[in-house]
Structures are given as structure tokens and as C-alpha cells.
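A quick write-up on the structure given underneath.
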Amino acid sequence: MDKEKQDLLNKLNEHLVYIKEKVDSTSRNICQQNTKTIEEIRSLSADDRAQFLNIKTQLDKRLEELRDLKGSPYFVKCEIEQDDSKEIVTRYFAKFQFTEESIYSWVSPVSSIRFEKPGKISYRLPNGKLKLVKLISKEEYIIVNGKANFFSRESIGFPRQIIHQDLLPSPKTGFMLPEIIAQIEKAQDLVVRAHHKGPLIITGPAGSGKTTLAFHRIAYLLQAPDTKEVFSNGPVVIFVQDGRTKEYFSYLLPCLGVANVTMTTFSEWALNVLGLDNYKHITRYGRNEEDKDIYEYEKLRILRSRKIPDYNKNPFVSLNSLYKKDLSKDKYGIFLEQKKLKLLDRFDLTLLLKSYIKKNGNLKFQKNKKDVLYSMILIDEFQNYLPEQLMILRDSLDATIESIIYVGDIAQQISLGTIRKWQDVEEKIPEERSITLSKVYRNTKKILQYILSLGYDISIPNSIKEGVDVKEMKINKIDDQISYVKKIIKKENKKTFGILTNSDFCLKKFKSTFSSQKNVYVFFMNESQGVEFDVVFLVGIDRDAFTIKHIDNRHQEHFEERVRIQKDLLYVALTRAISELHILGGDKLSEIFGKI
């Protein structure tokens, strides 16, 4: 490293030590103020109790923020010259503010300058006015545990250069804020800061950062000075696909400084709204896949007939009033089996919600002992929702704000009867609030080239890693596939591994084999949406696993939809891989599907 770069790095390290000391000092001062215990506060009078409890809550929160800042105090530094006074000031940007040392939160209005190139720029003040400044220099960092792992600098007349770069000290175990921030560009920051009123859709291919961007928007709206009060009256809810996805995303909002946001699935939410504590959700029900298909077709037809059952606290009494007349005899028998097991699928829950709303009006929820509507809703993977489900959720929203965020990709549908166009839900989204992401951050070039070779319509950015070739192995026996997977995992055991299949038999065999390995996840393909792994194995790949039987002419439309869903499902599975993709089975994918 040359002397100039070393001097800059030394200066940065000195400042990190200084900030750490300041954070420690501030934390000690807060601890001296925060001496009352919860038990002591409970013993106070009602008025004093409320006051001291509020103070303690704020102090505890600030201590938590300072602990976070101690390890990663900022990720950008900007030197700016004020347009009016010509005074040069330094601004640092971080997860949380520490304004006594010129460190500002990433949600502050001035933080938008971190995406600009050095030169004359402007940013918008909270009152809406433009502030003109000159950005003299900008430095970007990744600081982990108080140590700079990455440092770049650019200034007027001098292009961006890397000052210092280290590998991260250990394998990534979480989604660290500097990594999230590094993926957001100026255009995406404008999406995050877009006006809070009205629907907004974020769409794009797998791995384009849709959900990350949407979570940033929620975090911004709930913390920015000019919007946080707007969302204080009603609860905020995020709908994700399933329990695994819920767990996977559960740390993202706390990483962005947000608490008190509900994250749930549609089925979990519906069971709770309907008070059905003793019932369970099932994705699909039937004796075999063909049986499940026909059962879904018949229920979808009933739902689309717009008949709404009379409300009854016993859900099967309500459903029986429709199903006894409108299901075929055989499928009514399957419904009776469901009844014995107290299982409800997405069609059942949607009909029950419509029944509940018919009796009680729009869904409302309690906050501070008052009936309220949601102030904001995020729906992840919207393409897997029935239009009727989306309409129910939208009608649970505060109509004065209408702040709903749809995240997904129509090319990744994995369920029958789901939304195909926005007219299905009578939703009008202005063009400027329909955001399409094109860059893919997850997969390597080799993986994307393989997906392209199967006939999928995708674009391959020039900037992504080359990666290694996709391995497509003709291995007929499941035990031999297991041996192959074991060998790869043993060789690269510090990575995360996803084993994805479309076969019940394969799922059971692989789950029993790898159940004790915490970094190995075995999913059905349709359970893998929204997650990612360093290495992915598609196993049990043969014609039978992807064959959709043509039932009869009455179901022709649904047969064609199931075939299309299978292709979308395969696309979802292929795009879960970050660095390596292995495809194992008796048939090659190109032989099963031809050109997709």
C-alpha cells in the first residue's frame, strides 16, 4: 500500500477508536440516568409510572442503538461545501444517528447525498425545499466489529479508488446492514423515499433485491421525521410465504432499526382473525397429486362463482353449505376427511373471511383499545395470492393512506388460480409507482447462462461473478444422489446447502439423511421461494416428478395453468443458488421440458 493510502487508512482507524470512546462515554452517562428497575417503576403512582416507563424505554432503546454503532459506527463519509456560506462540513451516515459526532441516520433527508458523485448536488429538506451543496469527497466503508474491511474514496477530479480491502473475518451468518446498504443504488433510494400514499409495486427476477428494497422502504417510512407519525395510528403488517421464509426474514427489520411490525403468513393471519385456534392450514389436500389438482379446480370454481356462505363460528358448517351442493361426490368425501382432521386450505380460508366480512363489515383490529385498520401492508410474493385474498387484504387498509407494497414476479407463480393481472383485483397502480428491478445480485453468470439455455427469458448483467459451471449429472438411484451430495458437502462444509425436490419420496430420504446438519436445508421446490443458499442441489429430476396428467376437457384451462406453474416452479428452484448449482436425476431438464 502506498503512503497516501496508508495515511488515509490510519486516519480512519484513529477516528474509529475516537468514536468508540465517545460511544462508550455516552453509554455510561445513559446508564447513570437509567437506574430505576421495572419493579421500582411499578411501585410508583400511575402518572409517575407512565412517565418513568416511557423514559426507561427510550433509554434502553438508545443503549441498544449505541451498542450497534460501536461495532459499525458508519458506512459513508461525505465532505460538503454549503452553497450559501461556503463552510465545509463533514457528514457520516449510519444505521442510527450520533449527531454530536456528525453521524446521521440513513433515513435522514441529507443521507440521500451518499449516492451522488462529487460535484454540485442537491437534496430535499423536510419542508420540501431543495438544499444546494457541493460534494467535495465521498468515502465508503464496510466496518465490522470496529474494523474496516473495506474502504474506498472519490473526490472532485479524482475517480473512485479502493484504499483498503480485506475479506470478511468469518463466514456470513446474518444479513449485515453494510451489505444491504451496498446493494441499494440512487434509483432504488428514490423508491425507498417515494411518497407514502398509495400502492407501490416492486417487481423483478429472482435475486434482484426486491424484498430487501421493500424492507428498506418500510424501515424508512417508520423512522423518517416526515412520515413516522403518519403510520403511528394503525398496525403495520408484512405477509410472507411460509414459516421458513418468516424465520429467514425475521432479522431484517431489526437490522434496519424497526420493531413492532407483525410478520405473518396469510393462513396464520386468517386463522387468527377468524379465531380458529384449534384448526390448522394445509397447502394442498388429497390422496395423490391428480386428486389434489381436481379438488383445487373444483374449489376455485366455487370461489369464482361469487357465492358467499353464511357465517358460523364452526368453519365447516359455513363451508358445508356450499361444498355439499357444488363439489362432486368424490371431492365432497375429501372435504369430509378434512373436516375430521380440522384442516383448512387457502380456498377454505378465503371463503370464510368473505363470510366473516359479509356479517361484520371490513376487518378491524385493536390498537390502544380502539378499532383501527392497517396503516401499511407489505405483501411478499404477491403472485402466489388469489385475487380474492389480495382484495381482502387491501380492504383491511386505512383508505386515507392506502400504503400497500406489492413485491414479486409474475414469472415465479407456484399456485393455481393466482393473480395474473392487476385488473383481477381492481388495483390501479400509477406507472411511476410500478418499479421493475433488472440487475440480479444473487446468481453467478454461469448459473444465469444455464437458466437462459433452458429458454427462460432473463438478462445477464456484465458486472456479476463468472462462477463455476452448472453440474448436470445423470444419476438414477436416490442413494447414489445422496452419496454425491455428501461428497460435495464434506468438501465445502462452511457453506449453506439447499436440497430441493419435487418428489415426496426424495424429500423423505434426503431429510432423514441430513436432518442433523444445521447448514443443510431440504425443501420441496415450492417451499424454497424467497430463500437462497451458497450451493443448491436439485434432486430426483425425472419426467414423473414434473408430469401433469390431462384430466378431461372440463379442466383444460387448469391443466395448461398447472403446466405453466411447473415451469415457473423450476425457475424458482434454479435461482436459489448463489454460487453453485448441481442437478441430479435420471433425466436432464432440457429433455423433460425442451425449450421452455
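Going by numbering that gives the first Met the number 0, the first residue of the sequence shown is number 0, and it counts up by one from there. Beta carbons are placed, not taken as given, at the ideal position from N, Cα and C, and that holds for glycine.
- For P386, the enclosing alpha helix (DSSP H) covers residues 386–393.
- Annotated three-state conformation of L131 is strand, per DSSP.
- I333 carries a helical assignment under DSSP once its states are collapsed to helix, strand and coil.
- The residues A205, Q411, I413, M524, N525, S527, Q528, in chain order, have a CB closer than 8 Å to that of V571 in the same chain once the five nearest residues on each side in sequence are set aside.
- The beta strand (DSSP E) runs lying completely inside the stretch 399–460 and spanning 3 residues or more are 403–407, 433–435, given in chain order.
- Sorting F265, K427, V22, K137 by C-alpha distance to the C-alpha of L199 places K427 at the top.
- Under the DSSP definition of a beta bridge, I102 partners with Y91, F97.
- I403 and L372 have their C-alpha atoms some 12 Å from each other.
- S24: member of the alpha helix (DSSP H) spanning 2–32, first to last residue.
- Annotation: the continuous alpha helix (DSSP H) that includes L220 extends over 209–222.
- Closest option to K444, judged by alpha-carbon separation, among T264, V469, F238: V469.
- The three-state reading of DSSP puts Q160 in strand, counting E and B together.
- With contacts defined by Cβ atoms closer than 9 Å, L396 and L343 do not form a contacting pair.
- Look at S527 here: in three-state DSSP terms it is coil, with no helix or strand label.
- Taking one beta carbon from each stretch, the stretch 119–133 and the stretch 24–44 have fewer than 3 pairs nearer than 8 Å; the two do not touch.
- With fewer than 16 other CB atoms across the displayed protein chains lying within 10 angstroms of its CB, V16 is exposed.
- A straight-line Cα-Cα distance of about 7 Å links L447 and I459.
- Measuring C-alpha to C-alpha distances from S110 to each of I79, I87, K508 identifies I79 as the nearest.
- For Y122, the uninterrupted beta strand (DSSP E) run begins and ends at 118–123, by DSSP.
- With 16 or more neighbouring CB atoms inside 10 Å of its own CB, E380 falls in the buried class.
- Residue environment analysis places Q337 among the buried positions, since at least 16 neighbouring C-beta atoms fall within 10 angstroms of its C-beta.
- Per the C-alpha coordinates, the member of P117, T399, R393, K119 positioned closest to D423 is R393.
- Inter-residue distance for Q50 and V229 is about 24 Å (C-alpha atoms, whole angstroms).
- By the Cβ criterion, the stretch 272–279 is not in contact with the stretch 288–301, since fewer than three pairs of Cβ atoms, one from each stretch, lie closer than 8 Å.
- In this chain, the beta strand (DSSP E) harbouring G539 covers 532–540.
- L580 and V535 do touch by the CB rule: their CB atoms are close to 5 Å apart, below 8 Å.
- Membership of V239 in the beta strand (DSSP E) is indicated by the continuous run 235–239.
- Cβ-Cβ separation between Q222 and V106: approximately 5 Å, consistent with a contact (criterion under 8 Å).
- A buried status is given to Y284, since no fewer than 16 other beta-carbon atoms sit within 10 Å of its beta-carbon.
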